[in-house]
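Reviewing the structure listed below.
2 protein chains.
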Amino acid sequence: MNNQELIARRLKTLGPTYQNFYDRPLHLVRGSGTALWDADGRQYVDCYNNVVSVGHCHPRVVEALCKQAATLNTHTRYLHEGIVELGEMLVERMPGDIEICIFTCTGSEANDLAAQVARHVSGQQGLIVTEASYHGVSELTRRLSTDSYPPEDRPDWLAVIEPPNLYRGPYHRDDPEAGARYLELARQELDRLEQRGYKPAAVMIDVAWDSNGPLLAPTDYVLGLCAEVRKRGGLVIADEVQSGYCRSGKDWWNCNNYGFQPDILTCGKPMGAGHPLALMATTRDVIDDYSRHYHYFNTFGGNPVSAAVGKAVIDVIESEGLLHNALETGAYLEAGLRELAGRHEPIGDVQGFGLFWGLDMVADRDSREPLSREQLRHLGSLIAEQGVITGTSGRYGQVLKLRPPLPFSRSDADKTVAAIDTALKGFSI
Amino acid sequence: MNNQELIARRLKTLGPTYQNFYDRPLHLVRGSGTALWDADGRQYVDCYNNVVSVGHCHPRVVEALCKQAATLNTHTRYLHEGIVELGEMLVERMPGDIEICIFTCTGSEANDLAAQVARHVSGQQGLIVTEASYHGVSELTRRLSTDSYPPEDRPDWLAVIEPPNLYRGPYHRDDPEAGARYLELARQELDRLEQRGYKPAAVMIDVAWDSNGPLLAPTDYVLGLCAEVRKRGGLVIADEVQSGYCRSGKDWWNCNNYGFQPDILTCGKPMGAGHPLALMATTRDVIDDYSRHYHYFNTFGGNPVSAAVGKAVIDVIESEGLLHNALETGAYLEAGLRELAGRHEPIGDVQGFGLFWGLDMVADRDSREPLSREQLRHLGSLIAEQGVITGTSGRYGQVLKLRPPLPFSRSDADKTVAAIDTALKGFSI
Numbered sequence: 131m132n133n134q135e136l137i138a139r140r141l142k143t144l145g146p147t148y149q150n151f152y153d154r155p156l157h158l159v160r161g162s163g164t165a166l167w168d169a170d171g172r173q174y175v176d177c178y179n180n181v182v183s184v185g186h187c188h189p190r191v192v193e194a195l196c197k198q199a200a201t202l203n204t205h206t207r208y209l210h211e212g213i214v215e216l217g218e219m220l221v222e223r224m225p226g227d228i229e230i231c232i233f234t235c236t237g238s239e240a241n242d243l244a245a246q247v248a249r250h251v252s253g254q255q256g257l258i259v260t261e262a263s264y265h266g267v268s269e270l271t272r273r274l275s276t277d278s279y280p281p282e283d284r285p286d287w288l289a290v291i292e293p294p295n296l297y298r299g300p301y302h303r304d305d306p307e308a309g310a311r312y313l314e315l316a317r318q319e320l321d322r323l324e325q326r327g328y329k330p331a332a333v334m335i336d337v338a339w340d341s342n343g344p345l346l347a348p349t350d351y352v353l354g355l356c357a358e359v360r361k362r363g364g365l366v367i368a369d370e371v372q373s374g375y376c377r378s379g380k381d382w383w384n385c386n387n388y389g390f391q392p393d394i395l396t397c398g399k400p401m402g403a404g405h406p407l408a409l410m411a412t413t414r415d416v417i418d419d420y421s422r423h424y425h426y427f428n429t430f431g432g433n434p435v436s437a438a439v440g441k442a443v444i445d446v447i448e449s450e451g452l453l454h455n456a457l458e459t460g461a462y463l464e465a466g467l468r469e470l471a472g473r474h475e476p477i478g479d480v481q482g483f484g485l486f487w488g489l490d491m492v493a494d495r496d497s498r499e500p501l502s503r504e505q506l507r508h509l510g511s512l513i514a515e516q517g518v519i520t521g522t523s524g525r526y527g528q529v530l531k532l533r534p535p536l537p538f539s540r541s542d543a544d545k546t547v548a549a550i551d552t553a554l555k556g557f558s559i
Numbered sequence: 131m132n133n134q135e136l137i138a139r140r141l142k143t144l145g146p147t148y149q150n151f152y153d154r155p156l157h158l159v160r161g162s163g164t165a166l167w168d169a170d171g172r173q174y175v176d177c178y179n180n181v182v183s184v185g186h187c188h189p190r191v192v193e194a195l196c197k198q199a200a201t202l203n204t205h206t207r208y209l210h211e212g213i214v215e216l217g218e219m220l221v222e223r224m225p226g227d228i229e230i231c232i233f234t235c236t237g238s239e240a241n242d243l244a245a246q247v248a249r250h251v252s253g254q255q256g257l258i259v260t261e262a263s264y265h266g267v268s269e270l271t272r273r274l275s276t277d278s279y280p281p282e283d284r285p286d287w288l289a290v291i292e293p294p295n296l297y298r299g300p301y302h303r304d305d306p307e308a309g310a311r312y313l314e315l316a317r318q319e320l321d322r323l324e325q326r327g328y329k330p331a332a333v334m335i336d337v338a339w340d341s342n343g344p345l346l347a348p349t350d351y352v353l354g355l356c357a358e359v360r361k362r363g364g365l366v367i368a369d370e371v372q373s374g375y376c377r378s379g380k381d382w383w384n385c386n387n388y389g390f391q392p393d394i395l396t397c398g399k400p401m402g403a404g405h406p407l408a409l410m411a412t413t414r415d416v417i418d419d420y421s422r423h424y425h426y427f428n429t430f431g432g433n434p435v436s437a438a439v440g441k442a443v444i445d446v447i448e449s450e451g452l453l454h455n456a457l458e459t460g461a462y463l464e465a466g467l468r469e470l471a472g473r474h475e476p477i478g479d480v481q482g483f484g485l486f487w488g489l490d491m492v493a494d495r496d497s498r499e500p501l502s503r504e505q506l507r508h509l510g511s512l513i514a515e516q517g518v519i520t521g522t523s524g525r526y527g528q529v530l531k532l533r534p535p536l537p538f539s540r541s542d543a544d545k546t547v548a549a550i551d552t553a554l555k556g557f558s559i
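Same order as they appear, the protein sequences are chains A and B. For the first sequence, our numbering gives the first residue as 131, with consecutive numbering after it. For the second sequence, our numbering gives the first residue as 131, with consecutive numbering after it.
This is the structure:
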């Protein structure tokens with residue numbers, strides 16, 4: 131069916147909550163590695179989809195999926211090697227004392243459970259996130275996603291702190307005290323939370339501050355925030371759905387790059403490379419405490435097929451050296467983006483790490499006035515016309531987001547930089 | 131690895147929240163149709179796992195999964211035929227005005243979203259469930275699952291009504307006024323809810339009352355409850371995760387068997403036959419209202435692979451006549467179970483429909499004193515030793531639950547009845 135018909139039938143059956151990217155929605159039909167093809171046979175470089183962490187339709191992942199799906203797929207109340215082996219592989223790669231894996235199907239489920247566990251273990255109800263945060267779509271994680279509803283609807287138990295954005299926030303990269311200043315802002319919000327009658331159960335840190343950027347936060351801020359929350363009896367939850375699983379190029383988990391040890395770590399999309407598999411991992415003490423009061427059973431989470439896929443993804447990441455590729459190709463991409471920023475006024479800032487970069491787009495470099503969501507959507511469309519798929523992010527929807535599959539190559543990076551270059555040349559603010 | 135080692139490694143890595151069925155946990159390694167095999171090569175009849183609705187590892191479902199997984203798997207912000215076609219196939223089979231499909235990965239996510247939508251659309255906050263209900267594991271759906279936490283922790287916005295259990299509840303099958311009496315109990319709880327300051331956003335009806343039974347409720351009660359909630363401004367949510375998808379043998383959805391029209395219908399596990407695919411479906415009016423304020427995006431929900439699987443499951447159900455099989459084989463199984471009940475005192479009641487049956491097990495038929503959870507676990511273990519896999523349910527864990535894949539055969543039913551017979555002969559209360 132043609133795109134106009136597909137769009138009409140889609141709206142009729144799925145309703146208006148289903149959004150499309152781009153001015154002219156893409157109709158994708160095939161993927162392989164970092165390449166995608168549309169219904170007209172046009173090829174694209176995928177510089178956006180982290181979910182397919184090891185690349186689209188990786189043959190080893192597909193093989194593991196098919197083999198197990200043809201053998202057995204049932205739930206975790208029967209014994210099966212797969213989930214135990216996947217759990218052990220993950221625990222080997224986990225930071226610090228994290229040694230228990232609870233599998234879910236989505237990052238929302240993992241973050242929802244993490245918040246429930248933190249409230250139970252701390253005996254406190256307050257939760258802490260940043261402005262313009264995103265942590266999921268369940269009722270609880272939607273409340274934790276301040277980008278998804280108006281500020282006046284925020285519950286009293288929620289403390290919303292300033293994202294540590296060294297370009298766009300109140301304190302900048304050139305200020306050596308920026309970390310301490312962001313921390314002081316957070317302390318003030320924690321005081322206000324307690325004044326409203328709530329002590330913190332946990333701070334949930336998206337270790338990429340994805341929906342704000344991505345951001346590279348000051349280390350002293352991050353460590354200070356963890357210490358401050360713990361001093362008040364709360365836990366530290368590292369939401370590594372976006373930042374983890376080798377994305378940084380330096381470590382499996384971005385919390386290790388900042389040097390903080392979470393009590394709970396969540397990850398999601400990339401661990402199944404497109405198959406619904408997610409994880410809440412924690413310490414033995416935390417789970418023992420929680421388990422004395424509650425059980426948790428997720429019918430689909432960690433089933434034999436999901437476990438087979440999860441194991442294959444880890445194998446591919448390590449046998450293909452994708453951690454190292456994220457570092458090397460990430461640095462190469464960064465250099466290209468910085469060169470672009472030197473030539474294009476609307477690129478106000480280049481911020482990110484590994485294979486996760488954001489271009490903060492501005493109407494004016496001095497005032498840092500952000501481009502609008504509509505302008506970014508149009509820019510993304512122009513880049514897609516050049517054959518490269520990107521996304522948007524940021525507190526004001528002003529960030530061009532680049533977050534490709536981990537096998538992204540130098541050639542892919544070249545094409546991406548060239549496509550943005552061409553699009554910006556044809557782009558008027 | 132042997133079972134003892136597997137159990138030890140499982141406890142170490144997954145922690146104590148992961149429970150096993152049976153005294154001697156089953157270590158399953160292969161499945162096909164209604165048959166399962168353990169690591170020792172022993173074959174079992176699966177009389178429990180509804181998730182694999184069309185049978186374990188159905189070749190057409192596996193083929194659809196593998197073909198799409200090898201072609202493209204991405205999210206719903208690009209156009210794709212699969213999700214639209216699946217949505218259209220579902221809408222064709224939906225009750226009444228339900229014509230919009232929002233896909234999620236799990237029943238928890240579907241029910242969580244349904245409750246959020248109902249609260250938004252009604253402008254009211256109260257939610258209504260039964261005692262010993264189960265609707266999911268997210269923070270919100272756990273609150274709606276009164277079987278999972280102590281009564282003293284119930285939020286003020288929750289009305290908990292008596293399950294319409296015509297065997298074990300306060301009003302029995304022989305009372306022609308039982309439906310009206312259960313309805314009156316519900317009305318009283320709705321009054322109490324309003325006295326606590328909450329008008330109802332919705333009643334969430336598990337149309338099998340699975341965690342209580344299953345139950346066959348009085349039709350006048352069900353219709354009266356829907357009318358009562360609507361009179362007070364609330365919506366009706368049919369949770370068809372357990373009861374729907376042809377389980378009843380009479381209709382795709384059990385709400386049609388009662389003759390009520392939900393505003394929102396959710397379904398889950400069986401629609402993906404083991405693949406994480408679930409659904410919140412609703413009317414155009416409801417989604418238009420919700421969409422004016424919120425978007426919903428579930429990265430994995432309705433991706434091309436999930437859609438391919440969902441389409442294959444519907445094709446198999448219809449081409450193999452599984453709705454009819456649920457009716458025919460269900461009636462045959464029922465007859466066998468009723469014959470058993472005539473010979474075994476501990477079977478206090480046989481209740482259910484289609485391919486979903488519960489044996490309410492009692493220590494004494496006159497007092498209806500339920501067997502304990504431990505006794506049921508042991509009984510299930512004895513039945514498993516006879517080569518048949520069953521489950522437990524019920525407000526007191528006293529119901530032996532039979533809820534097989536839909537291709538369950540007469541031969542399977544014979545083996546199941548014989549296994550229960552033998553187990554009960556060797557079972558002392």
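Positions of the beta carbon are idealized from the N, C-alpha and C atoms, including for glycine. The structure displayed is predicted, hence computed values, not measured ones.
| Item | Value |
| --- | --- |
| Residue from A/Glu475, A/Ser523, A/Asp542 and A/Ile367 with nearest C-alpha to A/Asp496 | A/Glu475 |
| Under 8 Å (Cβ pairs) to chain A, residues found in the stretch 331-365 of chain B | none |
| Beta-carbon proximity check, B/Asp415 vs B/Val175, cutoff 8 Å | no |
| Exposed unless 16 or more other CB atoms sit within 10 angstroms - verdict on A/Thr349 | exposed |
| Collapsed DSSP secondary structure at A/Gly330 in the structure displayed | The residue you asked about is not Gly; residue 330 of chain A is Pro in the sequence shown. A/Pro330: strand per DSSP, three-state reduction. |
| Residues that B/Arg160 contacts on chain A, provided the C-beta gap is smaller than 7 Å | Thr201 and Leu202 |
| Beta-carbon separation (whole angstroms), B/Ala248 vs B/Ile394, contact threshold 8 Å | 6 Å |
| Supposed contact pair A/Gly374 and A/Val529 - C-beta distance, whole angstroms, cut 8 Å | Rounded, the Cβ-Cβ distance is 20 Å, inconsistent with contact. |
| Assigned secondary structure, A/Gly472 (DSSP; H/G/I helix, E/B strand, else coil) | helix |
| For A/Asn180 and B/Glu218, the rounded distance between their alpha carbons | 29 Å |
| Collapsed DSSP secondary structure at A/Gly161 in the structure displayed | strand |
| Min CB distance B/Phe538 to chain C below 8 Å | Here the protein chains are A and B, and chain C is not one of them. |
| Continuous alpha helix (DSSP H) stretch holding A/Asp544: start and end | Arg540 to Lys555 |
| CB contact flag (A/Tyr328, A/Asp286, <8 Å) | yes |
| Residues of the stretch 223-250 of chain B with Cβ closer than 9 Å to any Cβ of chain A, in chain order | Glu229, Ile230, Cys231, Ile232, Phe233, Thr234, Cys235, Thr236, Gly237, Ser238, Glu239, Asp242, Leu243, Ala245, Gln246 and Arg249 |
| Three-state class that DSSP yields for A/Met224 in the structure shown | coil |
| Distance CB(A/Tyr409)-CB(A/Ala240) smaller than 8 Å | With the sequence shown as reference, residue 409 of chain A is identified as Leu, and Tyr is not the correct amino acid for it. It is a contact, given that the beta carbons lie within the stated cut-off. |
| Given 8 Å, three or more beta-carbon pairs between the stretch 441-448 of chain A and the stretch 242-257 of chain A | no |
| B/Tyr388 versus B/Asp369 - alpha carbon distance | 14 Å |
| Beta-carbon spacing of A/Asn429, A/Gly237 below 8 Å | Before going on, a small fix: residue 429 of chain A reads as Thr here, not Asn. Not in contact: A/Thr429 and A/Gly237 (Cβ atoms no closer than 8 Å). |
| Candidates B/Leu270, B/Gly432, B/Cys356 and B/His186, of which the one nearest B/Trp167 by Cα | B/His186 |
| Under 8 Å by beta carbon: chain A residues contacting B/Lys399 | Thr429 and Phe430 |
| Euclidean distance between Cα positions of B/His265 and B/Leu274 | 6 Å |
| Residue interval of the beta strand (DSSP E) (run including A/Lys531) | Val529 to Leu532 |
| Contacts around B/Gly432, its chain only, beta-carbon distance under 6 Å, and the 5 residues preceding and following it disregarded | Thr206, Ile213 and Phe233 |
| Reference B/Glu448; option with closest CA among B/Tyr462, B/Gly510, B/Trp382 and B/Tyr420 | B/Trp382 |
| Per DSSP, the bridge partner or partners of A/His186 | A/Gly163 |
| Classification of A/Gly364 by the beta-carbon crowding that lies within 10 angstroms, buried from 16 upward | buried |
| Residue of B/Gln505, B/Cys177, B/Gly163 and B/His157 minimising C-alpha distance to B/Leu171 | Checking the displayed sequence, the identity of residue 171 of chain B turns out to be Gly instead of Leu. Checking every option, the nearest Cα to that of B/Gly171 belongs to B/His157. |
| Which of helix, strand or coil DSSP assigns to A/Leu270 | helix |
| Best match in A/Leu345, A/Gln391, A/Ala347 and A/Ser341 for proximity to A/Arg360 [C-alpha to C-alpha] | A/Gln391 |
| Whole-Å CB distance - A/Cys231 paired with B/Thr143, under 8 Å assumed | 6 Å |
| Straight-line gap, A/His561 to B/Arg272 (C-alpha atoms, nearest Å) | Nothing can be reported for residue 561 of chain A: it is not among the residues displayed for chain A, which extend from 131 to 559. |
| Listed by chain order, chain B residues near A/Ile394 by CB distance under 9 Å | By Cβ distance, chain B contributes nothing, its closest Cβ being about 13 Å from A/Ile394, past 9 Å. |
| C-alpha distance - B/Leu532 paired with B/Gly521, whole-angstrom precision | 7 Å |
| Within-8 Å CB hit, B/Gln372 to chain A | no |
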